[in-house]
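Peer 1: All the letters of the sequence shown, read from the start, carry residue numbers 0 to 298 under numbering that gives the first Met the number 0. Here you go, one structure.
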Amino acid sequence: MKRSPINFVVGIVLMLIFVALLFCFQVRQTEVAIVTTFQKPSRNRTEPGLYFKLPWPIQTVYKLDKRIQNFESRYEETLTKDGRNLLITIYAGWSVADPIVFFQTFLNGSMTEAERSLEGLLRSRKNEVVGQHPFNHFISTTEQELKFAEIEREMLDKVQAEARKNYGIEVRFVGIKRLGLPESITQKVFDRMQAERQRLVQQLQGEGESRASEIRSAAERDRDKLLASAQAEATRIRGQGDAEAAKAFAVFQQNPELAILLMKLNALELSLKERTTLILDQRTPPFDLLNALPSSTPK
Numbered sequence: 000m001k002r003s004p005i006n007f008v009v010g011i012v013l014m015l016i017f018v019a020l021l022f023c024f025q026v027r028q029t030e031v032a033i034v035t036t037f038q039k040p041s042r043n044r045t046e047p048g049l050y051f052k053l054p055w056p057i058q059t060v061y062k063l064d065k066r067i068q069n070f071e072s073r074y075e076e077t078l079t080k081d082g083r084n085l086l087i088t089i090y091a092g093w094s095v096a097d098p099i100v101f102f103q104t105f106l107n108g109s110m111t112e113a114e115r116s117l118e119g120l121l122r123s124r125k126n127e128v129v130g131q132h133p134f135n136h137f138i139s140t141t142e143q144e145l146k147f148a149e150i151e152r153e154m155l156d157k158v159q160a161e162a163r164k165n166y167g168i169e170v171r172f173v174g175i176k177r178l179g180l181p182e183s184i185t186q187k188v189f190d191r192m193q194a195e196r197q198r199l200v201q202q203l204q205g206e207g208e209s210r211a212s213e214i215r216s217a218a219e220r221d222r223d224k225l226l227a228s229a230q231a232e233a234t235r236i237r238g239q240g241d242a243e244a245a246k247a248f249a250v251f252q253q254n255p256e257l258a259i260l261l262m263k264l265n266a267l268e269l270s271l272k273e274r275t276t277l278i279l280d281q282r283t284p285p286f287d288l289l290n291a292l293p294s295s296t297p298k
């Protein structure tokens, strides 16, 4: 029986695929590949692409995830420098930095074993760093006493070099996620924080009262200065008025009749300034001047 051309082509294609699977492997963007020769690491490939290999059992390809892995420790007690207990949870981000060291350290590059070893390393360095800092670097009512950034940096520095050298792991960041107090010391800490707050309140009240006293003193000085200035001005004006009055009085003394006439005319002008109907005795000053005016009726 003759084979059809289609079946022949399909067979060739399948054979090529089989050969490609035996002699080639692909590395994706998120992967790093370890190639072993007779179960010993011989090379690694970190860039994405298609690569050549010898068929099993000569060479075998193991692939690892090179993305950043997240890790979070357990919530456990740690002793500070001044003998206080703290409950701390830390988090970390890590990735495979040296594929060969990582593969040799952990069975076939097991991520679970790597995380277990990293947890022990982080716990040890966390206890070491926390033990070098007093309690108020973690919990305090004064912001300047808190040292979270410095503590996280110290933990990262202590973990990074050791993790890369021994495990082939790059620890990217370390941080404190959760911080608490054991029930046995919580009330004592609250009492101390309350006392610190009360001292702060008293300090602020004292500063406020001092400032208020300064403001009142300044206001009283300004008031006294303004009153003194006003009194001086009033005294000056009264002096000028007395001087003018003395001049006018001297003139009136020289001619009393003229002074009386001028006063009557001024009073008459003021009383007749508005349209007014007056019923009065013509002999009453200053209206007696009206009797002295010449009559306008011809005789």
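Glycine included, C-beta positions come from ideal geometry on N, C-alpha and C. None of the values given here were measured: they were computed from a predicted structure.
Could you say which of T59, V129 and W93 lies nearest to E149 if we only look at CA atoms?
Peer 2: On the sequence shown, position 150 is the one that residue 149 refers to. For the residues T59, V129 and W93, the minimum Cα distance to E149 belongs to V129.
Peer 1: For R83, count neighbouring Cβ atoms within 10 angstroms of its own Cβ and tell me buried if that reaches 16, exposed if not.
Peer 2: Counting from 1 along the sequence shown, the entry for residue 83 is found at position 84. With 16 or more Cβ atoms within 10 Å of its Cβ, R83 is classed as buried.
Peer 1: Any idea what DSSP makes of Q25, helix, strand or coil?
Peer 2: On the sequence shown, residue 25 is found 26 positions in, with the first residue counted as 1. Q25: strand per DSSP, three-state reduction.
Peer 1: Taking its Cβ as the centre, do 16 or more other Cβ atoms sit within 10 Å of I89, making it buried, or is it exposed?
Peer 2: Taking the sequence shown and counting its residues from 1, one reaches residue 89 at position 90. I89 is buried by the Cβ-count criterion.
Peer 1: Once DSSP output is grouped into helix, strand and coil, what is the label at E208?
Peer 2: Stepping through the sequence shown from its first residue, residue 208 is reached at position 209. If DSSP states are grouped into helix, strand and coil, E208 belongs with the helices.
Peer 1: Cβ of E153 less than 7 Å from any chain C Cβ?
Peer 2: Here chain C cannot be found, since the structure has a single protein chain.
Peer 1: With distances taken Cα to Cα, identify the nearest neighbour of D156 among L120, G205 and P181.
Peer 2: Sequence index remark: in the sequence shown, residue 156 carries index 157 (1-based). The shortest C-alpha separation from D156 is found at L120.
Peer 1: Assign Y74 to buried or exposed, taking buried as 16 or more other Cβ atoms, counted over all protein chains shown, within 10 Å of its Cβ.
Peer 2: Working through the sequence shown from its first residue, we reach residue 74 at position 75. So Y74 ends up on the exposed side.
Peer 1: Excluding the 5 residues flanking P181 on each side, which residues of the same chain have their C-beta closer than 7 Å to its C-beta?
Peer 2: Taking the sequence shown and counting its residues from 1, one reaches residue 181 at position 182. Excluding sequence neighbours, P181 sits near E76, N84 and L86.
Peer 1: Return the first residue and the last residue of the alpha helix (DSSP H) that P98 is part of.
Peer 2: Residue numbering aside, residue 98 sits at position 99 when the sequence shown is read from its first letter. Here the alpha helix (DSSP H) through P98 covers P98 to T104.
Peer 1: What are the start and end residues of the beta strand (DSSP E) that includes N84?
Peer 2: Your numbering for residue 84 matches position 85 in the sequence shown. Note, N84: beta strand (DSSP E), N84 to V95.
Peer 1: How far does the alpha helix (DSSP H) with S323 in it extend, from its first residue to its last?
Peer 2: Lying before the first or after the last residue shown, residue 323 is absent from the chain, which here runs from 0 to 298.
Peer 1: Can you check the region 114 to 186 for any beta strand (DSSP E) of at least 3 residues that lies completely inside it and give the ranges in chain order?
Peer 2: If we require 3 residues or more, the beta strand (DSSP E) runs fully inside the region 114 to 186 come out as 168 to 179.
Peer 1: Tell me whether I168 is buried or exposed, calling it buried when 16 or more other Cβ atoms sit within 10 Å of its Cβ.
Peer 2: Counting from one through the sequence shown, the residue named residue 168 turns up at place 169. By the 10 Å Cβ count, I168 comes out buried.
Peer 1: Take the Cβ of P98 as the centre, count every other Cβ of all protein chains shown within 10 Å, and call the residue buried at 16 or more, exposed below.
Peer 2: Residue 98 sits at position 99 when you count from the first residue of the sequence shown. Burial call: buried.
Peer 1: Could you tell me the distance, in whole angstroms, from the CA atom of S212 to the CA atom of K246?
Peer 2: Numbered from its first residue, the sequence shown carries residue 212 at position 213. Numbered from its first residue, the sequence shown carries residue 246 at position 247. Taking the straight line from one Cα to the other gives about 51 Å.
Peer 1: When you compare only the Cα positions, how much space is there between F51 and G92?
Peer 2: To locate residue 51, count along the sequence shown from 1; it is residue 52. To locate residue 92, count along the sequence shown from 1; it is residue 93. Approximately 33 Å, taken between the alpha carbons.
Peer 1: What's the C-alpha gap between T140 and Q201?
Peer 2: Locating residue 140 in the sequence shown gives position 141, where the first residue counts as 1. Locating residue 201 in the sequence shown gives position 202, where the first residue counts as 1. Approximately 15 Å, taken between the alpha carbons.
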